[in-house]
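Undergrad: Just so you know, the numbering used here puts 241 at position 239 of the sequence shown, and the rest follows in order with no gaps.
From the three backbone atoms N, C-alpha and C, an ideal C-beta is built for every residue, glycine too.
This one's a predicted model, so the numbers in the text were calculated from it and none came from an experiment.
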Amino acid sequence: MNRRSLLRQATAAAVLPVVFGSLHLAAAQGNASAFRRVRPSDPAWPDQRMWERLNREVGGRLIKVETPLSVCRNAPDGASCGDLFKELKNPYYIGDNVALTQTAGWVDAWESQPSVYAVAAETASDVVAAVNFARDNNLRLVVKGGGHSYLGRSNAPDSLLIWTRRINAVALHDDFVAEGCAAQQPPQPAVSVGAGAIWMHTYNAVTTEGGRYVQGGGCGTVGVAGLVQAGGFGSFSKNFGTAAAGLLEAEIVTADGEVRIANACTNPDLFWGLKGGGGGSLGVVTRLTLKTHELPSFFGAVSATIHAFSETAFRELVDHFVDFYADNLLNPHWDQIVNIRPGNRLEIRMAFQDLDRQQAEALWQPFFHWVNGSPQDFTYQLTPRTIAVPARNLWDPVFLKTHFSSAVLSDDRPGASNDNIFWSGNLAEVGHFISGYESLWLPASLLQSGRRGALADALFAAGKQWPVELHFQKGLAGGSEDAVSATKDTAMNPDVLDAFALAIIGGEDPPA
3 MNRRSLLRQA
13 TAAAVLPVVF
23 GSLHLAAAQG
33 NASAFRRVRP
43 SDPAWPDQRM
53 WERLNREVGG
63 RLIKVETPLS
73 VCRNAPDGAS
83 CGDLFKELKN
93 PYYIGDNVAL
103 TQTAGWVDAW
113 ESQPSVYAVA
123 AETASDVVAA
133 VNFARDNNLR
143 LVVKGGGHSY
153 LGRSNAPDSL
163 LIWTRRINAV
173 ALHDDFVAEG
183 CAAQQPPQPA
193 VSVGAGAIWM
203 HTYNAVTTEG
213 GRYVQGGGCG
223 TVGVAGLVQA
233 GGFGSFSKNF
243 GTAAAGLLEA
253 EIVTADGEVR
263 IANACTNPDL
273 FWGLKGGGGG
283 SLGVVTRLTL
293 KTHELPSFFG
303 AVSATIHAFS
313 ETAFRELVDH
323 FVDFYADNLL
333 NPHWDQIVNI
343 RPGNRLEIRM
353 AFQDLDRQQA
363 EALWQPFFHW
373 VNGSPQDFTY
383 QLTPRTIAVP
393 ARNLWDPVFL
403 KTHFSSAVLS
413 DDRPGASNDN
423 IFWSGNLAEV
433 GHFISGYESL
443 WLPASLLQSG
453 RRGALADALF
463 AAGKQWPVEL
473 HFQKGLAGGS
483 EDAVSATKDT
493 AMNPDVLDAF
503 ALAIIGGEDP
513 PA
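Set out below in structure tokens:
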């Protein structure tokens with residue numbers, strides 16, 4: 003099936019609005035900007051001397067961008083093109099290439115296209131120079147850190163790119179006090195992270211090496227700065243809140259070329275907007291300082307895939323899971339994803355914190371006992387499995403490669419750092435092309451005893467047409483008091499506070 007037919011099928015199904023009926027989804031078309039930026043074909047495009055002057059200002063870190071995809075233009079079936087597409091399944095290769103993004107595009111919306119020039123920024127001063135140059139010459143300006151933006155905000159043709167990949171230092175603090183806040187805030191443990199850092203390296207520094215936890219994203223190659231500015235959910239958000247909720251301070255270059263500090267005491271309005279207001283919306287972030295937390299004893303996961311032999315049995319399975327979730331999992335210990343798929347399949351990929359393996363197994367035992375009691379109706383395509391690891395080891399590359407080698411993949415380029423790992427479950431997202439997407443926050447009121455049947459009916463009907471993913475970490479209902487309170491003070495949609503999950507229907511293809 004090609005991308006266009008896939009999107010047409012997804013659109014025709016219109017599954018979420020039909021079966022849930024509580025959300026009025028509208029496709030918003032952005033108006034063309036009133037300010038036309040100067041393009042390379044325009045007479046006002048900066049001449050070579052001007053670019054050379056910018057290069058001197060940024061210490062020789064101006065790059066004339068050329069895409070590696072050019073090897074496929076004249077010989078799409080050639081060996082070089084084939085080798086390139088193998089590299090495009092390595093997120094570290096993509097992240098280290100100025101011309102590429104982790105998302106290749108979205109059908110009928112955008113395709114990843116490289117900038118003309120890029121500043122490979124290493125300091126806030128480099129960012130200032132790039133911002134001033136773009137403003138003074140009326141150029142399109144785009145910012146890329148991790149390059150994961152589903153909406154294409156980390157690339158733009160005919161533009162100047164600020165590439166923050168090299169601003170990636172991670173520094174732990176025992177007693178951090180935000181600038182100007184000495185009289186209002188007590189010192190607290192924190193971590194300062196450069197705008198180009200990714201979560202896998204940040205977790206390794208904070209948790210493996212530092213013995214603390216910072217709330218970030220589940221996909222390890224996502225950039226820290228972009229996730230925080232977008233709000234940011236992760237595997238344990240029900241207990242620790244969103245990434246944005248943990249922001250204590252940011253260093254940001256605004257459109258006037260000024261380096262500003264934003265926190266609760268200094269530029270507080272700017273600070274609030276950075277907590278979920280959208281990456282690059284208010285300026286170019288160069289450094290973030292985030293709250294760190296005490297580690298729980300364990301992190302862990304429960305996985306299983308159950309196949310029902312009939313639609314009647316599958317409807318009963320969905321109903322039973324809804325009851326089980328509402329009665330046992332709607333709390334700060336449990337997050338992550340359950341998929342309801344065509345073909346009568348229920349995929350369980352749940353994560354937990356602050357429980358040991360025996361406690362988690364005991365909690366799930368009644369659910370799997372119920373499944374086991376009806377072999378005429380159900381079978382396991384993936385046998386139930388529960389694992390728990392000491393929390394300090396969850397992002398430890400050596401530990402993971404030794405004890406859970408199938409769970410991670412490594413950057414296989416010659417000379418690559420041994421710390422460059424990523425979850426094998428994220429492989430399909432590397433360089434992917436989005437075919438379609440709909441989502442809906444599911445309010446916790448749907449889990450009231452009198453409404454669970456209607457919820458199960460809706461999930462069953464939707465899952466017959468298209469895979470429905472329930473992302474429990476992307477709703478804070480049932481979360482800890484601290485998580486909910488901190489997330490209230492962010493720029494995120496407040497619907498997240500009352501939602502127990504985000505339901506997602508989407509399609510994707512590999513890069514092509």
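Would you identify the three-state DSSP class for residue 176, choosing helix, strand or coil?
TA: Indexing the sequence shown from 1 puts residue 176 at position 174. In this structure, residue 176 counts as strand in the three-state DSSP scheme.
Undergrad: Can you check which of these residues, 501, 186, 349, 253, is closest to residue 470 by C-alpha distance?
TA: Counting from 1 along the sequence shown, the entry for residue 470 is found at position 468. Per the Cα distances, 349.
Undergrad: Pairing CB atoms from the segment 143-157 with CB atoms from the segment 94-107, are three or more of them under 8 Å?
TA: Taking 8 Å as the limit for Cβ pairs, the verdict is that the segment 94-107 does touch the segment 143-157.
Undergrad: Please report the straight-line C-alpha distance between residue 332 and residue 370, rounded to a whole angstrom.
TA: The count along the sequence shown starts at 1 and reaches residue 332 at position 330. The count along the sequence shown starts at 1 and reaches residue 370 at position 368. Taking the straight line from one Cα to the other gives about 18 Å.
Undergrad: Does residue 406 come out as helix, strand or coil in the three-state DSSP assignment?
TA: If you number the sequence shown from 1, residue 406 lands on position 404. Reduced to three states, the DSSP call for residue 406 is coil.
Undergrad: Does the segment 439-458 come close enough to the segment 501-512 to have 3 or more Cβ pairs within less than 8 Å?
TA: Judged by Cβ distances under 8 Å, the segment 439-458 makes contact with the segment 501-512, as three or more pairs qualify.
Undergrad: Does the structure place the segment 215-223 close enough to the segment 235-250 that three or more beta carbon pairs sit under 8 Å?
TA: Contact between the segment 235-250 and the segment 215-223 is present, because at least three Cβ pairs lie under 8 Å.
Undergrad: Taking one C-beta from the segment 318-325 and one from the segment 281-301 each time, how about it: are there three or more such pairs within less than 8 Å?
TA: The segment 318-325 vs the segment 281-301: no contact.
Undergrad: Please classify residue 293: is it buried, with 16 or more other beta-carbons within 10 angstroms of its beta-carbon, or exposed?
TA: Position 291 of the sequence shown, counted from the start, is the residue given in the question as residue 293. That one is buried.
Undergrad: State whether the segment 40-58 contacts the segment 386-402, with contact taken as three or more CB pairs (one from each stretch) at a distance under 8 Å.
TA: These segments do not touch.
Undergrad: Closest to residue 298 by C-alpha separation, out of 347, 449, 253, 355, would be which residue?
TA: Taking the sequence shown and counting its residues from 1, the one referred to as residue 298 is at position 296. Considering only alpha carbons, the answer is 355.
Undergrad: Compute the distance between the beta-carbons of residue 39 and residue 137, then report whether it is under 8 Å.
TA: Along the sequence shown, read from residue 1 onward, the residue named residue 39 stands at position 37. Along the sequence shown, read from residue 1 onward, the residue named residue 137 stands at position 135. No, the Cβ-Cβ distance between residue 39 and residue 137 is not below 8 Å.
Undergrad: Does DSSP classify residue 86 as helix, strand or coil?
TA: The residue given as residue 86 occupies position 84 in the sequence shown. Residue 86: helix per DSSP, three-state reduction.
Undergrad: Would you mind sorting residue 30 into buried or exposed? The rule is 16 or more other CB atoms within 10 Å of its CB.
TA: Residue numbering aside, residue 30 sits at position 28 when the sequence shown is read from its first letter. Residue confidence for residue 30 is low, a pLDDT of 35 falling below 50, so the modelled location carries little weight; the figure read from the coordinates is stated next. Residue 30 should be labelled exposed.
Undergrad: Using a Cβ-Cβ cut-off of 6 Å (strictly less than) and excluding sequence neighbours within five positions of residue 124, which residues of its own chain qualify?
TA: Start at 1 with the first residue of the sequence shown, and residue 124 comes out as number 122. 168, listed in sequence order.
Undergrad: Which two residues bound the contiguous beta strand (DSSP E) that contains residue 265?
TA: Taking the first residue of the sequence shown as 1, we reach residue 265 at position 263. First-last of the beta strand (DSSP E) with residue 265: 261-265.
Undergrad: Taking only runs of the beta strand (DSSP E) that begin and end inside the segment 160-206, which ones reach a length of at least 3 residues, in chain order?
TA: As far as the segment 160-206 is concerned, its whole beta strand (DSSP E) runs of at least 3 residues are 161-165, 172-178, 190-196.
Undergrad: Got a sec: is the Cβ-Cβ distance from residue 326 to anything in chain B below 8 Å?
TA: Note that chain B does not occur in the displayed structure, where there is just one protein chain.
Undergrad: For residue 247, which residues from the same chain have a beta carbon less than 8 Å from its beta carbon, with the 5 sequence-adjacent residues on both sides left out?
TA: The residue you call residue 247 lines up with position 245 of the sequence shown. So the qualifying residues of the chain are 217, 277, 485, 488, 489, 491, 492.
Undergrad: Where does residue 118 land, buried or exposed, given buried means 16+ other C-beta within 10 angstroms?
TA: By one-based count along the sequence shown, residue 118 stands at place 116. So residue 118 ends up on the buried side.
Undergrad: Thinking C-alpha only, which one of 57, 191, 422, 343 is nearest residue 221?
TA: Along the sequence shown, read from residue 1 onward, the residue named residue 221 stands at position 219. Closest by alpha carbon: 422.
Undergrad: Would you call the segment 401-420 and the segment 332-343 touching, i.e. three or more CB-CB distances under 8 Å?
TA: No, they do not touch.
Undergrad: Name, in chain order, the residues that DSSP records as bridge partners for residue 341.
TA: Residue 341 sits at position 339 when you count from the first residue of the sequence shown. The partner list for residue 341 (beta bridge, DSSP) reads 349, 471.
Undergrad: Under DSSP, the beta strand (DSSP E) around residue 94 begins and ends at which residues?
TA: Translated into the one-based positions of the sequence shown, residue 94 becomes position 92. From DSSP, residue 94 is part of no beta strand (DSSP E) but of the alpha helix (DSSP H) over 93-97.
Undergrad: With distances taken from CA atoms, which of 513, 495, 511 is nearest residue 233?
TA: To locate residue 233, count along the sequence shown from 1; it is residue 231. Ranking 513, 495, 511 by Cα distance to residue 233 puts 495 first.
Undergrad: Can you find the residues in the same chain that come closer than 8 Å, C-beta to C-beta, to residue 97, ignoring five residues on each side of it along the sequence?
TA: Here residue 97 refers to the residue found at position 95 of the sequence shown. Result list for residue 97: 104, 148, 149, 167, 200, 223, in chain order.
Undergrad: Going by the beta-carbon positions, is the gap between residue 306 and residue 382 smaller than 8 Å?
TA: Taking the first residue of the sequence shown as position 1, residue 306 is located at position 304. Taking the first residue of the sequence shown as position 1, residue 382 is located at position 380. Yes, these two residues count as a Cβ contact at 8 Å.
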